[in-house]
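Using numbering that gives the first Met the number 0, the first residue of the sequence shown is number 0, and each one after it goes up by one.
From the three backbone atoms N, C-alpha and C, an ideal C-beta is built for every residue, glycine too.
Please read these numbers as outputs of a predicted model, since none were measured by experiment.
These notes concern the structure reproduced below.
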Amino acid sequence: MTNHDYSLDSSDKLLAFGRFLFKNHAEFRHNCLGLYAKLSPLWGGGLCENEKLHKTITFPNDCMPLNLRTPIILAAGANKNGKGINGYANLGLGGITVGTATRNFRAGNAHKPRVGLNEFNRLIHNSMGLNNDGIEKISLRVENQIGKARKNNFAVGISIAESPGEEEQTRVQSLIETFRIAYRTADYVEVNVSCPNTGESRLDLKTDFMKTTFESFENFRKTATQKKAIYAKLSPDLTDRQLLSLLDLLASLNVDGVILGNTYPSEKLFYSLPVLNSAGTSGGISGRPLYENTFRKTILAKKHFSQLSIVACGGIDHGLKVKDLLNEGADFVQIYSVLAFRWMAVLKMNREIGQLT
Ligand SMILES: Cc1cc2nc3c(=O)[nH]c(=O)nc-3n(C[C@H](O)[C@H](O)[C@H](O)COP(=O)(O)O)c2cc1C
């Protein structure tokens, strides 16, 4: 495995200066991404025009294929509420996962700051806690924009999660309702069962919960006029054995694919991190340090579950990394943190992949 690196050009250095200027306002910077994407044609942004990068993801069970302008998609969390979706295509992306959406509005964690950066390791530490407008509003926004996105081969998925804090039974019910609403509008649904920063225990290791909810998603899908792909987003801290047994369960429940993976629970790492809350623990790490694990898990998952669509996510910041992951069997990749460290990162990554195609 090569952890391909890039040298900082003048635009990356300018971006670094911006991070320095707003160093105490990381969440504000995070919220500016939509505007940056919308305005990016002013500085060379636009749709990915390299036809060699276009990719259609098909599924063995007649699910609606996903048409991607490039196999690089924006991961969940960057556009939490489904606003200005088509503007993000200007970053050169092949699609976007909107959300994570819960059944109702959530303000997220109360402590501030909820986002921090570690410049040296090019990582982001976040404990936003699933703040979002609720699935009904988000789904309506997606519905109004998805026609244009599809014309541009820009796939739009919705990420959903259970609502932390609810009683077990209500939780199952509200996740199922959230799924149904998301399914109606999105090209694919991504179920986030691995959020490390709501203060709740994660769902990916609760076998009964996983069984009940994914069975019910499948039953609903059987009644739908159009079959769409269902992905589960897993945590990167699973042991190999946990990952394989979870993949076994998901495959038996007809899940089409998995995102490997979410942010890494920060209490398990030892970086000198910006402290995000008094507990100093509940949060997740994203960015460059996750890559090696992403690469290894992609190979492991594909080797044992070749029928699943594998989406690599975590620390991907170079076109050659995308290329390596696709060679190992990933259908496409998702990225997020690199956008904070590399100016117009996806355009550069598309160029890096394009040079080899
Ligand atoms: C500020 C921030 C917010 C995030 N919010 C979500 C979220 O709401 N849902 C989700 O599934 N993942 C969320 N993530 C995780 C990303 O989707 C992605 O899995 C993770 O950052 C690893 O990719 P990266 O190293 O390219 O950033 C968030 C990440 C960051 C940095």
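Endpoints, the beta strand (DSSP E) within which V192 is located: No beta strand (DSSP E) holds V192; DSSP gives it neither H nor E.
Sub-8 Å separation of L259 and C312 beta-carbons: In this structure, C312 lies closer than 8 Å to L259 by Cβ.
N2 versus A223: straight-line alpha-carbon distance, rounded: Roughly 43 Å separates the two Cα atoms.
Spatially closest choice to S10 from R350, A75, D203 and A344, by CA coordinates: A344
For G328 and K301, believed in contact at Cβ under 8 Å, the rounded distance: 3 Å
Beta carbon of G91 nearer than 8 Å to that of C47: A Cβ-Cβ contact shorter than 8 Å links G91 with C47.
Meets three-Cβ-pair contact criterion under 8 Å: the region 43–62 and the region 99–118: no
Secondary structure of K357, DSSP reduced to three states: Not covered by the structure: residue 357. The range shown for the chain is 0 to 356.
Where the alpha helix (DSSP H) through Q172 begins and ends: E167 to T184
Beta-carbon contacts of F340 that lie in its chain and below 6 Å, excluding the five residues immediately before and after: So the qualifying residues of the chain are R121.
Distance between Q168 and K322 (C-alpha atoms, nearest Å): 43 Å
Candidates T293, L41 and T96: closest to I229 by CA position: T96
Buried or exposed by the 16-neighbour rule on C-beta atoms within 10 Å, applied to N218: exposed
Assigned secondary structure, L243 (DSSP; H/G/I helix, E/B strand, else coil): helix
For Y263, the residue or residues it bridges with in DSSP: I284
Pick from I123, A74 and N49 that is closest to Q354, judged by C-alpha positions: Checked all of I123, A74 and N49; the closest Cα to Q354 is N49.
DSSP three-state assignment for T99, whether helix, strand or coil: strand
DSSP state of S277 mapped onto helix, strand, coil: Bear in mind that the predicted position of S277 carries a pLDDT of just 46, short of 50, making it unreliable; the figure below should be weighed with that in mind. S277 sits in coil when the DSSP states are folded into three classes, being neither helix nor strand.
Whether I137 touches G81 by CB criterion (8 Å): yes
Simplified DSSP assignment, three categories, for H110: coil
Enclosing alpha helix (DSSP H) for N66 [first to last residue]: Where N66 is concerned, there is no enclosing alpha helix (DSSP H), although the beta strand (DSSP E) it sits in stretches over L65 to L67.
Given G76 as reference, the closest of F58, M127, H317 and N108 once Cα atoms are compared: M127
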